[in-house]
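Order-wise, the sequence lines are chains C and U. With our numbering, letter number 151 in the first sequence gets 151, and the count goes up by one each step, no holes. With our numbering, letter number 10 in the second sequence gets 10, and the count goes up by one each step, no holes.
There are 2 protein chains.
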Amino acid sequence: MSSFLPKSIQTLIEEFSKLPGIGPKSAQRLAMHLLHSPESRVQGLAGAVGDLKKGLQFCNVCWNISEESVCMICANNTRNQAQICVVEEILDVVALERTSEYKGVYHVLHGALSPVDGVGPEQLKIQALIDRVQLANTEMMEVILATNPGLEGETTAMYLTRALKPFSVKVTRIARGLPVGGDLDYADEMTLTKALQGRMEYR
Amino acid sequence: MSSFLPKSIQTLIEEFSKLPGIGPKSAQRLAMHLLHSPESRVQGLAGAVGDLKKGLQFCNVCWNISEESVCMICANNTRNQAQICVVEEILDVVALERTSEYKGVYHVLHGALSPVDGVGPEQLKIQALIDRVQLANTEMMEVILATNPGLEGETTAMYLTRALKPFSVKVTRIARGLPVGGDLDYADEMTLTKALQGRMEYR
């Protein structure tokens, strides 16, 4: 397609095109942008990409990304270690932390069950969660299932509920309902049904 | 915003966010994608970014990007050196080359006149074009103005027409009209006006 460009530009366009959500046209534009940027900015990006995984590992406890073998959240004694919030992705932890509402710890599954895509329980950090619960196994413990409210997230939540049944822990699911600022008019039936089922006394 | 992520991920998200058309959310998703990609792919991208400008320079003649001091097009003797197609950007050369229709040479301005953005003639490779034309200055020469058919491109074309008036070269402008596959119904007035003005005898 861009065989009229020098090799190094073509290579970069190809590499950019491999990224999700970046088509050949965007990749071209990004490469051109960098070509017109000062060399320091270009090297800044190159360095940031190259160093991304340097010193990074997954937390031994919750499988969140971390600079230590145990992440800052798991290592924090002021957090409630008996409350485990199960999420699909690292970014879900970031989103929940941003609320400053949650004071427990996390467990990152790194995906959701999706038989169509060949994602079974073995591909996720499910056994690690079961081991974690088994080790504690107290009625004081709560496992909050915060997988996404879509088909795959619900399947995963359902699977986890069953897998955790043998233990005496409390298993809860985050509320589904109308988003704040949302419009009842535009809500789908499933969301409305969940919103009605999850109604609480007005105080 | 993402202060709950390790430093190296935050740095990459910041670097990605600086790129045009990539917001903080996309930057996060790109960083997460790379985090889950094999290290070889991550280093592939890092290398491609870092090596982008290695061995690249602008062609001494036409200011296109090149691996040599004179680009492959300018150095090609089979191309008509008396026909100069003036374009705004490097990617315009790529687009025109893709047609395999044009056999002349190019001149890349690296932008278009835009007083609002502080882009005057000095910021573009206009003097270089004038020098080039002056050096040849023959009636055999044609300068094809292929700047974009928008406000800035038209302004630039107009400016160049005037600047090249003292020389005996022929100055032409690429045709404006309905794009192939376009709908007359949806065309704006300016395009229709230009399409009517530029009508040619049916053969």
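Don't be surprised by glycine CBs; every beta carbon is placed ideally from N, CA and C.
Can you give me, in chain order, the residues of the stretch 45-58 of chain C that have a beta carbon less than 9 angstroms from any beta carbon in chain U? L45, A46, G47, A48, V49, G50, D51, L52, K53, K54, G55 and L56
Which term fits M190 of chain C, buried or exposed, when burial requires 16 or more other beta carbons within 10 angstroms of its beta carbon? Your numbering for residue 190 of chain C matches position 190 in the first sequence. Only exposed fits M190 of chain C, as fewer than 16 other CB atoms lie within 10 angstroms of its CB.
Should I62 of chain U and C74 of chain U be called a contact, given that it needs their Cβ atoms to be closer than 7 angstroms? Against the second sequence, residue 62 of chain U aligns to sequence position 62. Against the second sequence, residue 74 of chain U aligns to sequence position 74. Contrary to the premise, residue 62 of chain U reads as Cys rather than Ile in this sequence. At a Cβ-Cβ threshold of 7 angstroms, C62 of chain U and C74 of chain U count as neighbours.
Straight-line gap, T11 of chain U to T172 of chain U (C-alpha atoms, nearest Å): Mapped onto the second sequence, residue 11 of chain U falls at position 11. Mapped onto the second sequence, residue 172 of chain U falls at position 172. Approximately 49 angstroms between the Cα atoms of the pair.
Using beta-carbon positions only, say whether L164 of chain U and V133 of chain U come within less than 7 angstroms of one another. As a first step, residue 164 of chain U must be located in the second sequence, where it is residue number 164. As a first step, residue 133 of chain U must be located in the second sequence, where it is residue number 133. In this structure, V133 of chain U lies closer than 7 angstroms to L164 of chain U by Cβ.
Chain U contact for T99 of chain C (CB, 7 angstroms cutoff): The residue labelled residue 99 of chain C in the question sits at position 99 within the first sequence. It does not: the Cβ of T99 of chain C has no partner Cβ on chain U nearer than 7 angstroms.
Relative to the C-alpha of A146 of chain U, which residue among U:S114, U:P20, U:V105 and U:A48 is closest? For the purposes of this step, residue 146 of chain U is identified with residue 146 of the second sequence, where counting begins at 1. The shortest C-alpha separation from A146 of chain U is found at U:V105.
Quick one: does S2 of chain C have its CB under 7 angstroms from some CB of chain U? Here residue 2 of chain C is taken as the residue at index 2 of the first sequence, counted from 1. At S2 of chain C the pLDDT is 48, less than 50, meaning the model places this residue with poor confidence; the figure from the coordinates comes in the next sentence. Taking Cβ atoms only, chain U reaches closer than 7 angstroms to S2 of chain C, which makes this a yes.
Counting contacts by CB-CB distance shorter than 7 angstroms, is H33 of chain U in contact with chain C? Along the second sequence, one-based indexing puts residue 33 of chain U at 33. So yes, H33 of chain U belongs to the interface.
By DSSP, does L145 of chain C sit in helix, in strand, or in coil? Sequence index remark: in the first sequence, residue 145 of chain C carries index 145 (1-based). Strand.
Residue environment, G150 of chain C, which counts as buried when at least 16 other CB atoms sit within 10 Å: Within the first sequence, residue 150 of chain C is the residue found at index 150, counting from 1. Label assigned to G150 of chain C: exposed.
Whole angstroms are fine: how far does the CA of F4 of chain C sit from the CA of L56 of chain U? Along the second sequence, one-based indexing puts residue 56 of chain U at 56. Along the first sequence, one-based indexing puts residue 4 of chain C at 4. Each residue's Cα considered, the two are about 14 angstroms apart.
For the 8 angstroms Cβ check, are there 3 or more pairs between the stretch 108-125 of chain C and the stretch 87-96 of chain C? yes
Could you tell me which chain U residues have their CB closer than 7 angstroms to the CB of L19 of chain C, listed as they occur along the chain? Within the first sequence, residue 19 of chain C is the residue found at index 19, counting from 1. Here the neighbours are L30 and H33.
Please report the straight-line C-alpha distance between D117 of chain C and T155 of chain C, rounded to a whole angstrom. For the purposes of this step, residue 117 of chain C is identified with residue 117 of the first sequence, where counting begins at 1. For the purposes of this step, residue 155 of chain C is identified with residue 155 of the first sequence, where counting begins at 1. Each residue's Cα considered, the two are about 14 angstroms apart.
Just verifying my parser: in three-state terms, what is the DSSP assignment at H33 of chain C? Position 33 of the first sequence, counted from the start, is the residue given in the question as residue 33 of chain C. Per DSSP, reduced to three states, the secondary structure at H33 of chain C is helical.
Please state the DSSP three-state secondary structure of C74 of chain C. For this step, residue 74 of chain C is matched to residue 74 along the first sequence. Correct three-state label for C74 of chain C: coil.
Against chain U, with Cβ distances strictly below 7 angstroms, would S69 of chain C count as a contact? Counting from one through the first sequence, the residue named residue 69 of chain C turns up at place 69. By this cut-off, S69 of chain C is not an interface position.
Which word fits S8 of chain C, buried or exposed, when buried means at least 16 other C-beta atoms lie within 10 angstroms of its C-beta? Taking the first residue of the first sequence as position 1, residue 8 of chain C is located at position 8. Label assigned to S8 of chain C: buried.
Return yes when the Cβ of E142 of chain U is within less than 7 angstroms of the Cβ of S168 of chain U, no when it is not. Residue 168 of chain U sits at position 168 when you count from the first residue of the second sequence. Residue 142 of chain U sits at position 142 when you count from the first residue of the second sequence. Going by C-beta atoms, S168 of chain U is not nearer than 7 angstroms to E142 of chain U.
Could you give the distance in angstroms between the alpha-carbon of G50 of chain C and the alpha-carbon of N148 of chain C? For the purposes of this step, residue 50 of chain C is identified with residue 50 of the first sequence, where counting begins at 1. For the purposes of this step, residue 148 of chain C is identified with residue 148 of the first sequence, where counting begins at 1. Going from the Cα of G50 of chain C to the Cα of N148 of chain C covers about 31 angstroms.
Residues in its own chain within less than 6 angstroms of C71 of chain C by CB, not counting five upstream and five downstream? On the first sequence, position 71 is the one that residue 71 of chain C refers to. Counting only Cβ-Cβ distances below 6 angstroms, and skipping sequence neighbours, we find C59 and N64.
Range covered by the alpha helix (DSSP H) that runs through T191 of chain U: Your numbering for residue 191 of chain U matches position 191 in the second sequence. Looking at the DSSP string, the run of the alpha helix (DSSP H) that includes T191 of chain U is E189 to Q197.
Among residues of its own chain, excluding the 5 on either side of F16 of chain U, which ones have a beta-carbon nearer than 6 angstroms to its beta-carbon? Counted from its first residue, the second sequence places residue 16 of chain U at position 16. Closer than 6 angstroms at the Cβ level, and outside the excluded window around F16 of chain U, lie I22, A27 and L30.
Can you list, in chain order, the stretches of the beta strand (DSSP E) that have 3 or more residues and sit fully within the stretch 79-153 of chain U? 80-87, 104-108 and 142-145
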